[in-house]
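**Q** Residue numbers (the working numbering), protein chains in the order written: chain A, 4 to 378; chain B, 64 to 429. Yeah, the Cβ is synthetic: ideal placement off N, Cα and C, and Gly gets one too. Quantities reported herein were computed from a predicted structural model and do not represent experimental measurements. Pasting a structure here, questions to come.
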């Protein structure tokens, strides 16, 4: 009998995947996410011979961070860190290297680590103005991300003489989060020089318009996307479309991307449209699990969204949304927490009340958070 | 947000795929070692520039033409010793590829003869240390249970035990799995409740001989085992992969139907046939822990066997506890009036709740 079982167990293994040798040399075996141009290739070769060449290392790390932003590929963070290896642990590293080091840490959600690097940098008296401006902005961004608005404001005030346009945008954004949304929207609109709108400014205005419940958000998101097609912007627009019930458009917008953030929106749209979502859902689940294994707890925003909108586990979604809220506190995080709390019913009531108090104290204005006021 | 300003749109975990990983598998047989390294073509392209025509895609010809460089990169970046001594190369495999979740990997198989029988491997891993600080190697011993050894490039030699937990580990996993799966246990218990009876039209009558009750139990357990072994093998190997929500819902349904059948028999045919059919569903549910191990092909044989033996031992333990009691009580009025209807009703209620929860993705139970 046991032999029969063994046979039954082995039978299906014949169909399992095994290594193979393609028959045809012309067979395409891997699509590459980007092409390496000649300049990049020369730079890498030179760096491989002697890694301690600062300008080459900085250019390589910057290129890798740019790709990380556009493609949403975590491999690029490893590449950036590797290029900076000779200066990675040195306290007296050149300021450009420290700036990039901080960005790698921030991108891995090590916000405390990133801020510590930037604080050290800002304490240097001989820091060139343009690097000081970068360090101020980077720190302000992290503080804003954690809803530490007074700290962010202090940094952006210091930025004024160094970089007036970003400083004004930063302060307007902080105003909008402190109860002055309409006035801030006007300030941001006036900052656009001429007809062409900078992509980042369009994105800022789009997000503010969305918070105010203003349908102009759509045009602004599209403007930002035309200027710079990046994972973040695309995901933000997809979220807006999903929130408006324009699921088919969200589906098209997120078609064919490898980035988890876009795959997540794609899967949500498929589910809402009652289309077959089995394969992409499985891929997304694997991918989120791999990300969580590598950096436990750091991907709670996407995990919570998955639990809430895909696997429909409201309690798990609430737990993850709270975990995420402890790490980052942007309006989008508050919206996620509110939705998870509502889905969890009575169990979500304490979280909802606490969030309502937080939002009231800060004077946040957000049409999406209107449901908080029902008590 | 201010992040927009600095063009640092690090959408928190907007990441594609996953960080770079290479997979290492060692097969140890006495002093012989076979090493299989699966390394992503994307990573190889970054370091070696495999895309000769620069068209953004890699053809097999482009990869094959550089196979020698790929082997050199691998042998420079990965060494192992046994008891401080290097092993002697004993040949390499042919160029091959294999698909992983983050794309196509080159498969590099090398064979080694070591000075003595291998107890542990000291692996010195340096792959991509200079070009991707986030890269990791995941090493495991073929046929061993548990988590893989995570290799950090350039962190010095790390030890992979060659003894492993082996078959016993998987037997234990199987037992633990059945012990923690209340739905599987309740299904079995429900069957045993009336295995000591036999169908008589629209009702049940006690079996006269204990022997026939034992034979009936044996039939049921065998049908269940054969059925779930088939689907466990199919699911663990990836040949079938139904959505887990459906599987879990169907498992709840089988428990419900079995419990209702206890109260008033309505399922046609012999009971072992019903149990066999339902066992197919349970087998898919058993496969979870094995699928997580990421073993493929022939590697799955021993773990599958061990796991299945463990599941069966767990079942037999449950049978051994319940059957004597059922045998003893089978003719009593209290058993007919209260115990069977009461227990079956309770199981049916719980199974209904599970079914609702799992099929509608609700949370009704704590």
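Measure the CB-CB distance between residue 372 of chain B and residue 349 of chain B and report whether it falls below 8 Å.
**A** The sequence position of residue 372 of chain B within the second chain is 309, counting from 1. The sequence position of residue 349 of chain B within the second chain is 286, counting from 1. The answer is no: Cβ separation not under 8 Å.
**Q** Go through its chain and collect everything with a Cβ distance to residue 22 of chain A's Cβ below 6 Å, but skip five positions before and after it.
**A** Within the first chain, the letter at position 19 stands for residue 22 of chain A. Correct list: empty, nothing qualifies.
**Q** Measure the alpha-carbon distance for residue 157 of chain B versus residue 172 of chain B and round it to whole angstroms.
**A** One-based indexing of the second chain puts residue 157 of chain B at position 94. One-based indexing of the second chain puts residue 172 of chain B at position 109. Those two C-alpha atoms are separated by around 8 Å.
**Q** Return the CA-CA distance between residue 100 of chain B and residue 54 of chain A, expressed in angstroms with no decimal places.
**A** Here residue 100 of chain B corresponds to residue number 37 of the second chain, with the count starting at 1. Here residue 54 of chain A corresponds to residue number 51 of the first chain, with the count starting at 1. If you take the alpha carbons of residue 100 of chain B and residue 54 of chain A, they lie about 27 Å apart.
**Q** Along the segment 113-124 of chain B, what residues have a CB closer than 7 Å to any CB found in chain A?
**A** Those would be 114, 117, 119, 120, 121, 122, 123 and 124, in chain order.
**Q** Under 9 Å between beta-carbons, which chain B residues line up against residue 93 of chain A? List them in chain order, please.
**A** Translated into positions along the first chain, residue 93 of chain A becomes position 90. Correct list: empty, because the minimum Cβ distance to chain B is about 15 Å.
**Q** To the nearest angstrom, report how far apart residue 376 of chain B and residue 338 of chain B are at their CA atoms.
**A** Working through the second chain from its first residue, we reach residue 376 of chain B at position 313. Working through the second chain from its first residue, we reach residue 338 of chain B at position 275. Those two C-alpha atoms are separated by around 18 Å.
**Q** In angstroms, rounded to a whole number, what distance separates the CA positions of residue 130 of chain A and residue 42 of chain A?
**A** Translated into positions along the first chain, residue 130 of chain A becomes position 127. Translated into positions along the first chain, residue 42 of chain A becomes position 39. Cα to Cα, the separation comes out at about 30 Å.
**Q** Once DSSP output is grouped into helix, strand and coil, what is the label at residue 152 of chain B?
**A** Locating residue 152 of chain B in the second chain gives position 89, where the first residue counts as 1. Three-state result, residue 152 of chain B: strand.
**Q** Just confirm the distance between the C-beta atoms of residue 211 of chain B and residue 225 of chain B, as a whole number of angstroms; I'd bet it's less than 8 Å.
**A** Here residue 211 of chain B is taken as the residue at index 148 of the second chain, counted from 1. Here residue 225 of chain B is taken as the residue at index 162 of the second chain, counted from 1. Residue 211 of chain B to residue 225 of chain B, Cβ: 14 Å. No contact.
**Q** Check each residue of the segment 196-210 of chain B: if its Cβ is closer than 9 Å to any Cβ of chain A, include it; give the result in chain order.
**A** Answer set for the segment 196-210 of chain B: 196, 197, 198 and 199.
**Q** Is the beta carbon of residue 310 of chain A sitting closer than 8 Å to the one on residue 316 of chain A?
**A** Residue numbering aside, residue 310 of chain A sits at position 307 when the first chain is read from its first letter. Residue numbering aside, residue 316 of chain A sits at position 313 when the first chain is read from its first letter. Yes, these two residues count as a Cβ contact at 8 Å.
**Q** Taking its Cβ as the centre, do 16 or more other Cβ atoms sit within 10 Å of residue 308 of chain A, making it buried, or is it exposed?
**A** Translated into the one-based positions of the first chain, residue 308 of chain A becomes position 305. Classification of residue 308 of chain A: buried, given that the 10 Å Cβ count is 16 or more.
**Q** Going along the chain, which unbroken runs of the alpha helix (DSSP H) with 4 or more residues stay wholly within the segment 179-220 of chain A?
**A** 184-194 and 202-214, all fully within the segment 179-220 of chain A.
**Q** Starting from residue 173 of chain B, follow its DSSP beta bridges and name the residues at the other end.
**A** In the second chain, residue 173 of chain B corresponds to position 110, counting from 1. For residue 173 of chain B, which the question treats as bridged, DSSP gives the partners B/98 and B/155.
**Q** Hey, could you find the ends of the alpha helix (DSSP H) residue 499 of chain B is sitting in?
**A** Residue 499 of chain B cannot be examined here, being either before or after the span of chain B that is shown, 64 to 429.
**Q** Going by C-alpha distance, which of B/189, B/193, B/251 and B/111 is nearest residue 221 of chain B?
**A** Counted from its first residue, the second chain places residue 221 of chain B at position 158. The shortest C-alpha separation from residue 221 of chain B is found at B/189.
**Q** Hey, is residue 194 of chain B's beta-carbon within less than 8 Å of any beta-carbon in chain A?
**A** Residue 194 of chain B sits at position 131 when you count from the first residue of the second chain. Closer than 8 Å: yes.
**Q** For a contact meaning CB atoms closer than 8 Å, what does residue 23 of chain A contact in chain B?
**A** One-based indexing of the first chain puts residue 23 of chain A at position 20. Here the neighbours are 159, 160 and 161.
**Q** Let me see if you follow: with CB-CB separation under 8 Å, is residue 134 of chain A close to chain B or not?
**A** Taking the first chain and counting its residues from 1, one reaches residue 134 of chain A at position 131. For residue 134 of chain A, the answer is no, since every Cβ of chain B falls outside 8 Å of its Cβ.
**Q** Counting only Cβ pairs nearer than 7 Å, list the residues of chain A close to residue 83 of chain B.
**A** Your numbering for residue 83 of chain B matches position 20 in the second chain. Correct list: 78 and 81.
**Q** Starting from the C-beta of residue 132 of chain B, find all residues in its chain whose C-beta is less than 8 Å away, skip the five residues before and the five after it, and write them out in chain order.
**A** Residue mapping note: residue 132 of chain B aligns to position 69 of the second chain, counting from 1. Cβ within range, chain order: 111.
**Q** I need the straight-line Cα distance from residue 391 of chain A to residue 89 of chain A, nearest angstrom please.
**A** Residue 391 of chain A cannot be examined here, being either before or after the span of chain A that is shown, 4 to 378.
**Q** Could you run through the segment 102-113 of chain B and flag, in chain order, every residue whose CB is less than 7 Å away from some CB of chain A?
**A** Correct list: 104, 105, 108 and 112.
**Q** Tell me the residue span of the beta strand (DSSP E) that contains residue 84 of chain B.
**A** Reading the second chain from its first residue, position 21 is the one you call residue 84 of chain B. Segment 84-92, the beta strand (DSSP E) holding residue 84 of chain B.
**Q** Just checking, does the segment 192-202 of chain B make contact with the segment 165-180 of chain B on the three C-beta pairs under 8 Å criterion?
**A** With the cut-off at 8 Å, the segment 192-202 of chain B and the segment 165-180 of chain B do not touch.
**Q** Nearest by alpha-carbon distance to residue 25 of chain A: which of B/121, B/85, B/113 and B/106 is it?
**A** Stepping through the first chain from its first residue, residue 25 of chain A is reached at position 22. Minimum Cα distance to residue 25 of chain A is reached at B/121.
**Q** Can you tell me which of B/186, B/233, B/391 and B/126 puts its alpha carbon nearest to the alpha carbon of residue 88 of chain B?
**A** The count along the second chain starts at 1 and reaches residue 88 of chain B at position 25. Ranking the options by Cα distance to residue 88 of chain B, first place goes to B/186.
**Q** When we look at the beta-carbon of residue 108 of chain B and count the other beta-carbons within 10 Å, is it buried (16 or more) or exposed?
**A** Here the question's residue 108 of chain B lines up with position 45 in the second chain. When all chains shown are included, residue 108 of chain B counts as buried.
**Q** In whole angstroms, what is the alpha-carbon distance linking residue 375 of chain A and residue 358 of chain A?
**A** Numbered from its first residue, the first chain carries residue 375 of chain A at position 372. Numbered from its first residue, the first chain carries residue 358 of chain A at position 355. Rounded to whole angstroms, residue 375 of chain A to residue 358 of chain A spans 8 Å at the Cα level.
**Q** Which whole-angstrom value is the C-beta distance of residue 188 of chain A and residue 211 of chain A, which I expect to be below 8 Å?
**A** Here residue 188 of chain A refers to the residue found at position 185 of the first chain. Here residue 211 of chain A refers to the residue found at position 208 of the first chain. Going by Cβ atoms, the distance from residue 188 of chain A to residue 211 of chain A rounds to 5 Å, so yes, they are a contact pair.
**Q** Relative to the alpha-carbon of residue 324 of chain B, which residue among B/295, B/266 and B/285 has its alpha-carbon at the smallest distance?
**A** Position 261 of the second chain, counted from the start, is the residue given in the question as residue 324 of chain B. Nearest C-alpha to residue 324 of chain B: B/266.
**Q** How about residue 72 of chain B: is its C-beta nearer than 8 Å to some C-beta of chain A?
**A** For the purposes of this step, residue 72 of chain B is identified with residue 9 of the second chain, where counting begins at 1. Residue confidence for residue 72 of chain B is low, a pLDDT of 39 falling below 50, so the modelled location carries little weight; the figure read from the coordinates is stated next. Interface residue, yes.
**Q** Using the Cα positions of residue 114 of chain B and residue 38 of chain A, report the straight-line distance between them to the nearest angstrom.
**A** The residue you call residue 114 of chain B lines up with position 51 of the second chain. The residue you call residue 38 of chain A lines up with position 35 of the first chain. Roughly 9 Å between the two C-alpha positions.
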